[in-house]
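Asks:
Protein chains: 2
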Amino acid sequence: MEEKTIKVHLSNTKKAKPAADQLEFGRVFTDHMFILDYTEGSGWHSPRIVPYQSLTLDPASIVFHYGQTVFEGLKAYVTKQGEVRLFRPEKNMERLNRSNNRMCIPQIDESLALKAIKELVNLEKDWIPTAPGTSLYIRPFIISNEAYLGVAPSKTYQFIVILSPVGAYYKEGINPVKISVENDFVRAVKGGTGEAKTAGNYASSLKAQELVSNEGYAQVLWLDGLEKKYIEEVGSMNVFFKINGEVITPELNGSILEGVTRNSVIQLLTHWNVPVYERKISMDEVYEAYKAGLLEEAFGAGTAAVISPIGVLAWQGEQMKINQGETGEISKKLYDTLTGIQYGTESDPFGWTEKVE
Amino acid sequence: MEEKTIKVHLSNTKKAKPAADQLEFGRVFTDHMFILDYTEGSGWHSPRIVPYQSLTLDPASIVFHYGQTVFEGLKAYVTKQGEVRLFRPEKNMERLNRSNNRMCIPQIDESLALKAIKELVNLEKDWIPTAPGTSLYIRPFIISNEAYLGVAPSKTYQFIVILSPVGAYYKEGINPVKISVENDFVRAVKGGTGEAKTAGNYASSLKAQELVSNEGYAQVLWLDGLEKKYIEEVGSMNVFFKINGEVITPELNGSILEGVTRNSVIQLLTHWNVPVYERKISMDEVYEAYKAGLLEEAFGAGTAAVISPIGVLAWQGEQMKINQGETGEISKKLYDTLTGIQYGTESDPFGWTEKVE
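Protein chains in written order, with this note's numbering: chain B, 24 to 380; chain R, 24 to 380.
1) Beta strand (DSSP E) containing B/G325: first to last residue?
2) Cβ of B/D371 less than 8 angstroms from any chain R Cβ?
3) Per DSSP, what are the beta-bridge partners of R/H294 in this structure?
4) At a CB-CB cut-off below 7 angstroms, which residues of chain R make contact with B/F87?
5) Under 8 angstroms between C-beta atoms, does B/D81 make it to chain R?
6) Quick one: is R/T284 near chain B, going by C-beta distance under 8 angstroms?
7) Tell me the DSSP secondary structure of R/S34 in three-state form.
8) Are there three or more Cβ pairs, one per stretch, closer than 8 angstroms when the segment 212-223 of chain B is compared with the segment 337-350 of chain B?
9) If you measure from the beta carbon of B/K40 to each beta carbon in chain R, is any gap under 8 angstroms?
10) Could you compute how far the alpha carbon of B/N356 sits from the alpha carbon of B/G196?
11) Give me the Cα-Cα distance between R/T56 and R/G277, rounded to the nearest whole angstrom.
12) Near B/L317, what residues of its chain come up, given a Cβ to Cβ distance below 7 angstroms and the 5 sequence neighbours on each side ignored?
13) Distance, Cα to Cα, R/Y310 vs R/L292?
14) Mind checking B/E274: buried by the 16 CB within 10 Å criterion, or exposed?
15) R/T216 touches chain B at which residues, Cβ-Cβ below 8 angstroms?
16) If you scan the segment 50-127 of chain R from start to end, which runs of the beta strand (DSSP E) of 3 or more residues do you find wholly inside it?
17) What is the C-beta distance between B/L280 and B/K220, in whole angstroms, given that I count them as a contact (C-beta under 8 angstroms)?
18) Based on Cα-Cα distance, which residue from R/A226, R/I289, R/K201, R/G323 lies nearest to R/M343?
19) Which residue wins for smallest C-alpha separation from R/R162, given the options R/A139, R/N224, R/A231, R/D207?
20) Could you pull the start and end residues of the beta strand (DSSP E) that B/E274 belongs to?
21) Excluding the five sequence neighbours on either side, which residues of its own chain have a C-beta within less than 8 angstroms of the C-beta of R/G363, listed in chain order?
22) In chain B, which residues lie less than 8 angstroms from R/R20 when you measure between Cβ atoms?
23) Have a look at the DSSP bridge pairing and note the partners of B/V144.
24) Which full runs of the alpha helix (DSSP H) of 4+ residues lie inside the segment 331-380 of chain B, going along the chain?
25) Are B/P188 and B/C127 close, meaning C-beta to C-beta below 8 angstroms?
26) When DSSP labels each residue in this structure, what does B/Y192 get in the three-state scheme?
27) Are the C-beta of B/V262 and some C-beta of chain R separated by less than 8 angstroms?
28) Residue ranges of each alpha helix (DSSP H) run of no fewer than 4 residues wholly in the segment 199-265 of chain R, ordered along the chain?
29) Pick helix, strand or coil for B/M24, following the three-state DSSP scheme.
30) May I ask which residues mark the beginning and end of the alpha helix (DSSP H) holding R/Y313?
31) Taking buried to mean at least 16 other C-beta atoms within 10 Å of its own C-beta, is R/P70 buried or exposed?
32) Is there a Cβ from chain C that is less than 8 angstroms from the Cβ of B/S259?
33) How far does the beta strand (DSSP E) with B/L159 in it extend, from its first residue to its last?
34) Quick check: what's the CA-CA separation for R/A83 versus B/I271?
35) Just grab the DSSP bridge partners of B/Q181 for me.
36) Between the beta-carbon of R/G440 and the beta-carbon of R/V257, is there less than 8 angstroms?
Given below as structure tokens:
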């Protein structure tokens with residue numbers, strides 16, 4: 024008895040939209056949100072769009088104590104043709120269900136979730152900023168809201184989608200950042216929750232991030248939790264290295280998030296006949312390549328920044344300057360192509376974008 | 024400009040208290056709760072006791088997305104003298120601040136937090152059940168409630184204390200459980216958040232727990248995340264083994280929670296001149312002791328169960344039956360002594376209990 028019809032309760036008031044030059048990331052939210060409830064025995068039910076509003080939760084709700092929660096992040100873009108498009112949203116819905124499986128949250132109907140996102144984005148399309156590089160960030164998430172202090176999966180959940188107009192990640196063009204290799208703190212380990220998009224991974228990362236930002240670095244480069252040898256991710260992005268003409272990214276191993284941008288980068292490079300490998304890569308290997316003058320580029324890949332070039336990589340007291348601290352050729356081409364596809368200024372050979380109507 | 028005076032806003036209505044034989048764990052809450060706010064720049068402020076009520080949170084609150092949260096757990100007991108007592112509450116407050124440090128949450132005034140707990144417990148003292156083994160469970164926790172989707176520490180928090188009358192953990196006397204050694208999933212790893220009492224550790228544990236409970240086990244025994252060799256915890260308790268007259272518990276290593284009951288067990292054993300060691304202990308060592316007939320007892324130690332004897336330990340296809348599946352002598356003596364101190368039927372040589380007035 025699945026309900027597929029989304030009830031819509033429109034807001035009586037409209038918030039002022041931020042000026043184009045005032046846009047930040049994730050601070051302002053649109054007028055409406057989507058909610059879907061789960062109750063053990065009844066499944067997911069009552070899909071509805073309602074005015075953006077506070078959530079009312081019992082203080083004993085499982086999410087506050089045991090963090091049983093998952094989320095996703097994607098964006099809606101206004102193309103140069105004036106259409107509203109999403110980028111590979113079905114990949115986010117698939118990953119949401121993989122995260123659900125790891126976190127003991129019931130599977131969600133991916134087509135209903137995607138339909139809900141599209142209906143909500145369409146309703147809020149006036150909120151999508153149109154200046155170059157701006158977009159509407161979409162945050163679907165699930166929280167466990169049973170009021171129970173036992174350590175057990177919740178019997179009730181809410182799937183919620185909120186929207187936030189966001190500014191260009193790079194205000195003055197794509198710009199390399201300084202990264203510090205993290206040797207003390209660990210983001211995730213095989214058998215843990217690293218491949219799930221769940222709250223605890225991000226909570227765990229705050230301390231290392233706080234310490235390196237005091238030293239002037241933008242993010243940390245995470246190493247594996249076992250040997251502190253192999254590279255995993257950079258900040259909350261996947262990471263790529265170009266060494267002697269070949270591009271390498273850490274293989275998925277149970278502790279690395281399977282990024283949608285990561286997957287798109289691999290497909291584009293393959294399409295361009297640039298050799299690209301998913302395999303283990305150690306900091307020793309990166310350092311040796313650097314010393315031999317073969318470390319050509321390094322960059323993060325994720326939804327927020329798309330491509331984030333690494334200009335300086337600090338490890339064991341050494342500051343490796345990569346590509347003279349400038350954005351590399353492949354990084355730039357990937358950024359231009361991916362954003363070009365997203366904003367409709369480039370052709371979309373893989374059919375990655377999906378129109379919202 | 025710290026406010027130390029706790030404002031009290033009493034509830035107009037009183038909930039019905041559960042019958043003594045209907046008490047569960049963490050499902051029913053008392054009439055009031057304590058709240059303390061944190062705002063960047065102002066620090067912790069506005070301590071207050073208010074009617075137990077839902078929390079109202081922006082859906083973009085950091086706790087829902089990035090799980091920046093910590094908690095504690097302790098109990099209030101009515102002693103045979105009719106007094107209300109807490110067990111080593113200052114240890115919980117110290118650990119709360121250690122957890123805060125790891126999770127980038129501002130330090131809290133431990134004496135104010137303890138004062139708040141005492142005032143709240145005193146106000147709700149009619150809620151403390153008095154049947155043997157029952158108590159009032161106290162759950163202090165901190166949530167990050169800034170509405171911001173950036174991965175960064177929150178600028179606002181709430182410290183909240185809720186109370187729940189709980190039944191006896193063992194309805195028919197202390198009872199050994201079946202435990203399965205976990206070989207796939209990992210609870211925590213050095214450099215992660217295992218030694219902090221934070222939501223993500225518990226979310227991470229749900230899947231393994233779900234799988235073994237389908238096979239008839241009560242909990243998993245967690246091994247280290249590096250080699251899957253050394254023992255860490257059992258379920259959400261610390262763990263002890265008695266081998267050939269000596270008691271061994273895994274040493275604190277950054278991924279093991281420093282339990283208050285663990286510390287009390289070590290002190291009691293030392294007081295009784297029972298050899299007790301905090302050191303690495305591998306499953307191989309436990310298995311060899313078992314084969315040699317030297318594995319005398321095994322038990323978990325934590326606030327909820329106090330002492331939880333392990334009757335069967337399953338590992339690599341073998342079911343190790345410990346002490347004929349019965350509660351061992353040391354386990355029983357520790358349980359009787361700890362609960363005796365808590366309920367005032369035994370003397371309290373260490374001054375562990377603290378009167379609430």
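Each residue gets a CB set at the ideal place from its N, CA and C atoms; glycine is no exception.
Replies: According to the structure shown:
1) Taking the first residue of the first sequence as position 1, residue 325 of chain B is located at position 302. It spans 318-325 - the beta strand (DSSP E) in which B/G325 sits, taken as one unbroken run.
2) If you number the first sequence from 1, residue 371 of chain B lands on position 348. Chain R has no Cβ within less than 8 angstroms of the Cβ of B/D371.
3) As a first step, residue 294 of chain R is located in the second sequence; it is residue number 271 there, counting from the start. Beta-bridge pairing links R/H294 to no other residue.
4) One-based indexing of the first sequence puts residue 87 of chain B at position 64. Around B/F87, the beta-carbon contacts reaching into chain R at under 7 angstroms are V86, T92, F164, I166.
5) Taking the first sequence and counting its residues from 1, the one referred to as residue 81 of chain B is at position 58. Answer yes: the Cβ-Cβ gap between B/D81 and chain R drops below 8 angstroms somewhere.
6) As a first step, residue 284 of chain R must be located in the second sequence, where it is residue number 261. Judged by the 8 angstroms Cβ criterion, R/T284 is not in contact with chain B.
7) Indexing the second sequence from 1 puts residue 34 of chain R at position 11. Coil, per DSSP.
8) no
9) Reading the first sequence from its first residue, position 17 is the one you call residue 40 of chain B. By this cut-off, B/K40 is not an interface position.
10) On the first sequence, residue 356 of chain B is found 333 positions in, with the first residue counted as 1. On the first sequence, residue 196 of chain B is found 173 positions in, with the first residue counted as 1. Residue 356 of chain B is actually Lys in this sequence, not Asn. Their backbone Cα atoms lie some 13 angstroms apart in a straight line.
11) Position 33 of the second sequence holds residue 56 of chain R. Position 254 of the second sequence holds residue 277 of chain R. Sequence check: residue 56 of chain R is Met here, not Thr. The alpha-carbon atoms of R/M56 and R/G277 are separated by roughly 32 angstroms.
12) Position 294 of the first sequence, counted from the start, is the residue given in the question as residue 317 of chain B. The answer, listed in chain order, is I266, N267.
13) Here the question's residue 310 of chain R lines up with position 287 in the second sequence. Here the question's residue 292 of chain R lines up with position 269 in the second sequence. Cα to Cα, R/Y310 sits roughly 23 angstroms from R/L292.
14) Indexing the first sequence from 1 puts residue 274 of chain B at position 251. With fewer than 16 other Cβ atoms within 10 Å, it is exposed.
15) In the second sequence, counting from the first residue as 1, residue 216 of chain R sits at position 193. The contacting residues are G223, A226, S227.
16) 55-62, 66-74, 78-80, 92-94, 97-101, 107-110
17) Residue mapping note: residue 280 of chain B aligns to position 257 of the first sequence, counting from 1. Residue mapping note: residue 220 of chain B aligns to position 197 of the first sequence, counting from 1. Sure, about 6 angstroms apart at Cβ, within 8 angstroms.
18) Position 320 of the second sequence, counted from the first residue, corresponds to residue 343 of chain R. Checked all of R/A226, R/I289, R/K201, R/G323; the closest Cα to R/M343 is R/K201.
19) As a working mapping, residue 162 of chain R is identified with position 139 in the second sequence. Per the Cα distances, R/A139.
20) For this step, residue 274 of chain B is matched to residue 251 along the first sequence. B/E274 -> no beta strand (DSSP E), and no H or E assigned at all.
21) The residue given as residue 363 of chain R occupies position 340 in the second sequence. Listed in chain order, the non-local C-beta contacts of R/G363 below 8 angstroms within the same chain comprise E369, local neighbours out to five positions each way being set aside.
22) Examination of residue 20 of chain R is not possible in this model, given that chain R is present from 24 through 380 alone.
23) Along the first sequence, one-based indexing puts residue 144 of chain B at 121. Answer is none; B/V144 lacks a bridge partner.
24) 352-366
25) Against the first sequence, residue 188 of chain B aligns to sequence position 165. Against the first sequence, residue 127 of chain B aligns to sequence position 104. For B/P188 and B/C127, no; Cβs fall outside 8 angstroms.
26) As a position in the first sequence, residue 192 of chain B is number 169, starting the count at 1. Reduced to three states, the DSSP call for B/Y192 is coil.
27) Numbered from 1 along the first sequence, position 239 holds the residue referred to as residue 262 of chain B. No, because no Cβ of chain R sits closer than 8 angstroms to the Cβ of B/V262.
28) Taking only runs of at least 4 residues, the alpha helix (DSSP H) segments lying wholly in the segment 199-265 of chain R are 222-237.
29) Counting from one through the first sequence, the residue named residue 24 of chain B turns up at place 1. In this prediction, B/M24 scores a pLDDT of 44, lower than 50, which makes its location untrustworthy; the coordinate-derived value is nonetheless stated afterwards. Of the three classes helix, strand and coil, the one that applies to B/M24 here is coil, per DSSP.
30) As a working mapping, residue 313 of chain R is identified with position 290 in the second sequence. 306-314 is the span of the alpha helix (DSSP H), which, as asked, contains R/Y313.
31) If you number the second sequence from 1, residue 70 of chain R lands on position 47. Per the 10 Å Cβ criterion, buried.
32) Reference to chain C is not applicable here, since the protein chains of this structure are B and R.
33) Translated into positions along the first sequence, residue 159 of chain B becomes position 136. Counting along the chain, the beta strand (DSSP E) containing B/L159 begins and ends at 158-167.
34) Locating residue 83 of chain R in the second sequence gives position 60, counting from the first residue. Locating residue 271 of chain B in the first sequence gives position 248, counting from the first residue. Approximately 35 angstroms, taken between the alpha carbons.
35) Position 158 of the first sequence, counting from 1, holds the residue named residue 181 of chain B. B/D60, B/I166, per the DSSP bridge assignment.
36) Since the first and last residues shown for chain R are 24 and 380, residue 440 of chain R lies out of range.
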